[in-house]
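**Student:**
Numbering (this note's numbering), first residue to last: 1 to 675.
#1: Where does the unbroken alpha helix (DSSP H) through residue 635 begin, and where does it stop?
#2: Taking 6 Å as the limit between beta carbons, can you name the residues of its chain near residue 277, skipping five residues before and five after?
#3: On a CA-only basis, which of 423, 466, 555, 455 is nearest residue 472? Give me that one, please.
#4: Whole angstroms are fine: how far does the CA of residue 554 sit from the CA of residue 577?
#5: DSSP state of residue 88, grouped into three classes?
#6: Starting from the C-beta of residue 334, find all residues in its chain whose C-beta is less than 8 Å away, skip the five residues before and the five after it, and write them out in chain order.
#7: Where are the beta strand (DSSP E) runs, 3 residues long or more, that stay fully inside the stretch 460-520, in chain order?
#8: The alpha helix (DSSP H) with residue 340 in it runs from where to where?
#9: Using CA coordinates, which residue listed in 624, 293, 360 is at the minimum distance from residue 695?
#10: Please classify residue 266: does DSSP put it in a helix, a strand, or coil?
#11: Is DSSP giving residue 226 helix, strand or coil here?
#12: How many whole angstroms separate the CB atoms of residue 388 and residue 401, which I take to be in contact at a CB cut-off of 8 Å?
#13: For the alpha helix (DSSP H) containing residue 253, list its first residue and its last residue.
#14: So residue 188 packs on residue 71, CB below 8 Å; how close in whole Å?
#15: Could you compute how far the alpha carbon of residue 489 sits from the alpha carbon of residue 570?
#16: Would residue 159 pass as a contact of residue 557 if the rule is Cβ separation under 8 Å?
#17: Using a Cβ-Cβ cutoff of less than 7 Å, which residues in the same chain neighbour residue 132 once the five nearest sequence positions on both sides are dropped?
#18: Tell me the residue span of the beta strand (DSSP E) that contains residue 187.
#19: Would the stretch 95-108 count as touching the stretch 478-497 if we require 3 or more Cβ pairs under 8 Å?
#20: Given this structure, state the Cα-to-Cα distance separating residue 336 from residue 198, to the nearest angstrom.
#21: What's the call for residue 124, buried or exposed, on a 16-neighbour Cβ count within 10 Å?
#22: From residue 366 to residue 514, what distance separates their C-alpha atoms?
#23: Can you give me the start and stop residues for the beta strand (DSSP E) that residue 161 sits inside?
#24: Compute the beta-carbon to beta-carbon distance between residue 385 and residue 431, rounded to the nearest angstrom, for a pair I have assumed lies under 8 Å.
#25: In the DSSP assignment, what residue or residues form a beta bridge with residue 284?
#26: Over what stretch of residues does the beta strand (DSSP E) that includes residue 243 continue unbroken?
#27: Report the rounded CA-to-CA distance for residue 89 versus residue 282, giving the unit in angstroms.
#28: Check for me: the beta strand (DSSP E) holding residue 44 runs from which residue to which?
#29: With distance defined between alpha-carbon atoms, name the residue in 200, 533, 631 nearest to residue 608.
#30: Verify whether the separation of the beta carbon atoms of residue 376 and residue 97 is less than 8 Å.
#31: Between which two residues does the beta strand (DSSP E) harbouring residue 40 extend?
#32: Am I right that residue 533 and residue 505 are in contact with their C-beta atoms under 8 Å? What's the rounded C-beta distance?
#33: What residues are listed by DSSP as bridge partners for residue 349?
#34: Given that a residue counts as buried once 16 or more other Cβ atoms are within 10 Å of its Cβ, and exposed if not, what is residue 476?
#35: To the nearest angstrom, how far is the alpha carbon of residue 413 from that of residue 443?
#36: Buried or exposed, going by whether 16 or more other CB atoms sit within 10 Å of the CB of residue 347?
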């Protein structure tokens, strides 16, 4: 063999060997998701969209119903949906995911129950000195059980889904059965009947299919707006959301409201083939510097003998009325943006909305300023769609990859045999933006490395939406579900969550992530504020009050809420609930005000008043004082001090509660009339 032939033979053998090696490497690479190696945590697709204009008229129907000391008497309802009737809104499983890749990424979360009695500090009782970082419950108030039909509390469970907001001494609280208001900072509540509110004439409101249960509340501090979003059931064709507003503590306590209505027609949503209309569900509320946002899913509606609501692939309604069929989900979702200045003025609205015809179950971010963000699953359990809406720009969305999580039926069986996780799904539950970080949380199922359902926590870079971290709030002995979150004035995070299963009935906890724990959520620093001794049951309602059978079908509800306290903006207020008694007869919704020991409100509350404040932002603090003495006096509780900046306050006052007036300076006059 010549030297040239030898070289040629060697080259051919080398080429063949490299080709075989490449084939082997290619085969091994193909056995794993390419995204997990090269694109994990990266933006893989970006889109932009124009928002559409809308106009909504203001309504000033007289709304002055009486407040009650007990929950309102409610009309009998139809028999509830069964588990198989509840549509799951989980994303599909990525077929390239290996089960062994789904595992815990951090230590488990341990629950904590503190012995300290809540409200001791606020009630002026003596406490042992606590360290500044002590997790403290400033107030923890249980509200009344409900619903009540024919004057009797029903022996069964209806999902509560509580929401709350506070403006100083005024706290507003909603459940799926009533609304409640407090004028003493959440120590006690009176109750309102949303079934009969517009007008309060003793007849259930003839609005669409009647009051539907879902409610959200939000206090917007910069314009002093208490926002109350009410959902109505669909009739044969449609339903609506009613945004009800009060512009002061006095207006809220005296039921001086005005409102705006939003229906599918407001957003030009077409009726799908085979349907007779569209209806909206699963609401959310959040604010940026100059806008209030609300989001909702929308579904096709068809009239049937059972009032069935379905949504199936292609946006059509098949002949058979079955809910929960494979692939079912909402048609899409809308995000509406409403100018805060127009809302505060109580004028007709000129807002905008974004219609996502592909994705649903959007969750807005709390803590937004010049840009609102929201998150939703991008039709796979390995992708999240993050959208942003600058106050002066158009909507833009990024699809970001992340590690897979378990999708499917969830099981967290309590000692009584009920499963409070049975109807939970993996729609995005909570979102926030703070300190350059976007975050989202949602429920995930047990399986692979997880013994119980748990909460996924993902953090992203606000600037480019790339994944910063992923972890889980989980335990090997109980489930964690239904997270809520908000951002305090320091940019720290606080929230509420449910936990239970295994040896525990469902309970409610509050949590904090701040400088005392390096902002860590996984694992979670928490305190249980409500302990339960029963699991969920739901009655088959009967026209004869009290004559019913218990049907435990394991629904806990879709959400809790957390808000920033006003005016103590470094603390949070949250909601949660538990069940107690045989078969969960007693429902225990809770209002909880929590934070760190360093932010404990002063024993003597000082309310400031200054004529110089013309910003419209008034919460009685030194930096945002009320601009009339009447407002300061109204906001004061017995024993409070009202400090008045010098000025000529031309007011005729009626002082009807014990409080102490003082002037900051020696000039200015105050006229005080006879009580």
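All C-beta atoms, glycine included, are put in the ideal place defined by N, C-alpha and C.
Note that the structure is predicted; figures quoted are calculated from it, not measured.
**Tutor:** In short:
#1: 629-635
#2: 237, 238, 271, 301
#3: 455
#4: Computed Cα separation, rounded: 15 Å.
#5: coil
#6: 267, 269, 280, 295, 296, 298, 353, 354, 355, 356
#7: Those beta strand (DSSP E) runs which fall completely within the stretch 460-520 and span 3+ residues are 467-473, 479-481, 493-501, 504-513.
#8: Looking at the DSSP string, the run of the alpha helix (DSSP H) that includes residue 340 is 340-345.
#9: Any answer about residue 695 is impossible in this case: the structure gives the chain only from 1 up to 675.
#10: Looking at residue 266 - three-state DSSP - the assignment turns out to be helix.
#11: strand
#12: That pair is no contact at about 18 Å.
#13: 249-253
#14: That belief does not hold up - the Cβ atoms of residue 188 and residue 71 are roughly 14 Å apart, past 8 Å.
#15: 5 Å
#16: yes
#17: Annotation for residue 132: 596, 597, 598 place their beta carbon closer than 7 Å to its own, counting only its chain and skipping 5 residues before and after.
#18: First-last for residue 187: undefined, no H or E at that position.
#19: no
#20: Rounded to whole angstroms, residue 336 to residue 198 spans 23 Å at the Cα level.
#21: Here the model assigns residue 124 a pLDDT of 49, short of 50, so the residue's position is not dependable and the matter cannot be decided.
#22: The C-alpha of residue 366 lies about 16 Å from the C-alpha of residue 514.
#23: Under the DSSP assignment, residue 161 falls outside any beta strand (DSSP E); it carries neither an H nor an E label.
#24: Between residue 431 and residue 385 the Cβ distance is about 12 Å, and since that is not below 8 Å, they are no contact.
#25: 295
#26: 241-246 is the extent of the beta strand (DSSP E) around residue 243.
#27: When rounded, the distance between both Cα atoms is 11 Å.
#28: 43-49
#29: 631
#30: no
#31: Going by DSSP, residue 40 is part of no beta strand (DSSP E) at all; its letter is neither H nor E.
#32: 6 Å
#33: 56
#34: exposed
#35: 16 Å
#36: exposed
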